[in-house]
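Quick note on numbering: our numbering labels position 174 of the sequence shown as 177, and the sequence is numbered without any gaps.
Note that the Cβ used here is the ideal one computed from N, Cα and C, for glycine as well.
Since the model is a prediction, treat every value here as computed from it, not as a measurement.
Notes follow once the structure below has been shown.
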Amino acid sequence: MAWPGRFDFDGNMRTQVVIIGAGPAGLLLSHLLAADGVESVVLETRSREYVLARIRAGILEHSSVELLTDVGLGERLARESMPHRGIYLHTPEQRTHLDFVDLVGHGIHVYGQTDLTRDLVDARVRGGQQLVYEVTGTALHDIDTARPYVTFVDADGAARRIDADVVVGCDGSFGPSRQAVPDPRTWERTYPYAWLGVLADVAPSTDELIYAWHPDGFAMHSMRSAAVSRLYLQVPPGTDIAEWSDDRIWTALAARLGHGRDGWTLTPGPITEKSVLPMRGFVAAPMRHGRLFLAGDAAHIVPPTGAKGLNLAIADVARLAPALGALLRGDGALAAAYSDTALARVWRCQHFSWWMTTMLHVTDDPFDAQLQLAQLRWVASSEAGARGLAENYTGLPLR
Ligand code: RFL
Ligand code: PHB
């Protein structure tokens, strides 16, 4: 493999910041650091093709869009994303449109994480930044000294070492970085349901996302483009995907999303991808130990109902990039504050994600169902209720 970097004969190199993980957190952090004159190397265990094809989140908060635009990543986003004013909340009793623009002054953008990842990878390549795919055996060393380093094996099987001033773990929930923090405090919630997610080659049957409560379970209609729909069904954890034929999926979606009510119809189409996703909340603190910083899913996971995971990863690195720039110039105040300030937003989003999740997912306790319907009626009928949802969904200001 041709190395973009400056490895010496021993396979070693030096940079200012080693970033582990080329998800949205790692790629955006590298971009923000470069804009501040800070050099970084991003190490990724997967191949470029895998990273670019991974299907995940779809919603960007207003503040995420603003940040991406401010840092020169807004061109394709402006052209191809779908600005939405709000969402629909649906129950068998009623469908209510919450207009976020009217409620809080701004909406959200539908833009696949796949598209954002492509923009970030393109920007990294254009900027001549180093992105190294297919590394294995990533290990962190001496993170509690001013001279940390990372070792790994490259795609050709050669052992490598990168010395740095700072290491940032952006390696998602299964990466090695979090394990390098000694005695972290962790909080975890496993939700008693999962999502069956499908991607379908069919025009969305709705102009904006539908979040639906139904006695059979939650359903959601999202989208990726004018020709591709993204839909989700609540299923029991551990569900075997083989039990869900395409017909069964479309029948359940039609029932739960209200096909036939008030003239609304759900148009089915060819399903191109199906997967079952567990739902979990998790937070690890602190998000810094010595010269190691954590960002994104490496430090926290939220259930997807509030559409917060990707946006939290963006919020973390928006805070971390200036802190690292200042630290490298000799001012450690922002870096010292990073973990606490980031965690305050993490817990706000964790709470909102829990609130949306528990309001919309059916349990086997009929008392829960009545509480959920009462809550949904309140959000649908009270401006204060709707505004609370809108403020959290569209995202609090980044700074
Ligand atoms: P990522 O995206 O998991 O990236 C981590 C990267 O680290 C790599 N890695 C390593 N690299 C080097 N060495 C190692 N040892 C490594 N171990 C791992 C991994 O290969 C990977 O490339 O974390 P990041 O950057 O923090 O980004 C987080 C987001 O990806 C995540 O929060 C969202 O996708 C969550 N999420 C959603 N978030 C939203 O804001 N809005 C949504 O609508 C939304 N929907 C979703 C979602 C997540 C989903 N899934 C599948 C988890 C819908 C789904 C279905
Ligand atoms: C998605 O489009 O994948 C999506 C949208 C909203 C969510 C979760 C996922 O809350």
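Does Gly-75 come out as helix, strand or coil in the three-state DSSP assignment? coil
Quick one: does the C-beta of Ile-304 sit closer than 7 Å to a heavy atom of the ligand PHB? no
Roughly how far, in whole angstroms, is the beta-carbon of Tyr-91 from the beta-carbon of Tyr-214, given that I think they are within contact range, below 8 Å? 7 Å
Who pairs with Ala-347 in a beta bridge, going by DSSP? According to DSSP, Ala-347 bridges with nothing at all.
Relative to the ligand RFL, is the shortest distance from any of its heavy atoms to the C-beta of Asp-174 smaller than 7 Å? yes
Contact test: Gln-116 Cβ vs the ligand RFL heavy atom, cutoff 7 Å: yes
So, are the CB atoms of Ile-111 and Glu-78 less than 8 Å apart? No, the pair does not count as a contact, with Cβ atoms beyond the cut-off.
May I ask you to report which of helix, strand or coil DSSP gives Met-362? helix
Three-state secondary structure assigned by DSSP to Pro-289: Residue state for Pro-289 is assigned as coil, using DSSP reduced to three classes.
For Tyr-53 and Tyr-114, what's the separation of their Cα atoms in angstroms? 19 Å
Check whether the Cβ of Lys-277 sits closer than 7 Å to any heavy atom of the ligand RFL, and report yes or no. No; taking the cut-off as 7 Å, the Cβ of Lys-277 has no heavy atom of the ligand RFL nearer than that.
Extent of the continuous beta strand (DSSP E) run through Arg-164: 162 to 166
If you run the structure through DSSP and keep just helix, strand and coil, what is Ile-244? helix
Comparing C-alpha positions only, which one of Glu-83, Asn-314, Gln-97 sits nearest to Ala-383? Gln-97
Would you list the residues whose beta-carbon is nearer than 5 Å to any heavy atom of the ligand PHB, in the order they occur in the chain? Gly-61, Ile-62, Ser-225, Arg-233, Pro-307, Ala-310
Is Asn-395 near the ligand RFL, with its Cβ less than 7 Å from a heavy atom? no
Do Gly-172 and Ala-301 have their CB atoms nearer than 8 Å? yes
Nearest to Val-201 by alpha carbon, out of Gly-284, Glu-276, Arg-127? Glu-276
For the beta strand (DSSP E) that contains Leu-202, what are its first and last residues? DSSP places Leu-202 in the uninterrupted beta strand (DSSP E) bounded by 188 to 203.
Cross-strand partners of Gly-309 (DSSP beta bridge): In the DSSP assignment, Gly-309 forms no beta bridge with any residue.
Spatially closest choice to Leu-315 from Asp-265, Trp-358, Thr-344, by CA coordinates: Thr-344
Rank Ala-158, Phe-177, Thr-148, Gly-175 by C-alpha distance to the C-alpha of Asp-166 and give the top, closest one. Thr-148
Could you check what DSSP says for Asp-300 in three-state terms: helix, strand or coil? Helix.
Gln-2: which of Gly-220, Leu-143, Arg-259, Thr-18 sits nearest, CA to CA? Residue 2 falls outside the range modelled here, since the chain spans only 4 to 402, and no answer is possible.
Using only alpha-carbon positions, find the residue among Asp-367, Leu-256, Ser-278, Ala-37 that is nearest to Arg-59. Ser-278
Would Leu-313 count as contacting chain C if we go by Cβ distances under 8 Å? This model lacks chain C altogether; it includes just one protein chain.
First and last residue of the beta strand (DSSP E) that includes Ile-58? Per DSSP, Ile-58 belongs to no beta strand (DSSP E) and is neither H nor E.
Between the C-alpha atoms of Ser-225 and Arg-332, what's the straight-line distance to the nearest angstrom? 44 Å
Answer yes or no: do Gly-328 and Val-41 have a C-beta to C-beta separation smaller than 8 Å? yes
With a floor of 4 residues, list each alpha helix (DSSP H) that falls wholly inside the region 59 to 136, ordered by position along the chain. 65 to 73, 78 to 83, 103 to 107, 116 to 129
Thr-397: first and last residue of the uninterrupted alpha helix (DSSP H) it sits in: 386 to 397
Chain-order list of residues whose beta-carbon lies under 7 Å from that of Arg-150 (same chain, five-residue window excluded): Asp-166
What do you get for Ala-183, buried or exposed, if any count of 16 or more other CB atoms within 10 angstroms of its CB means buried? buried
Say yes only if the C-beta of Val-365 is nearer than 7 Å to one or more non-hydrogen atoms of the ligand RFL, and no if none qualify. no
Rounded straight-line distance, which links the Cα of Ala-287 to that of Thr-360: The alpha-carbon atoms of Thr-360 and Ala-287 are separated by roughly 21 Å.
Quick one: is the Cβ of Thr-141 within less than 7 Å of any heavy atom of the ligand RFL? yes
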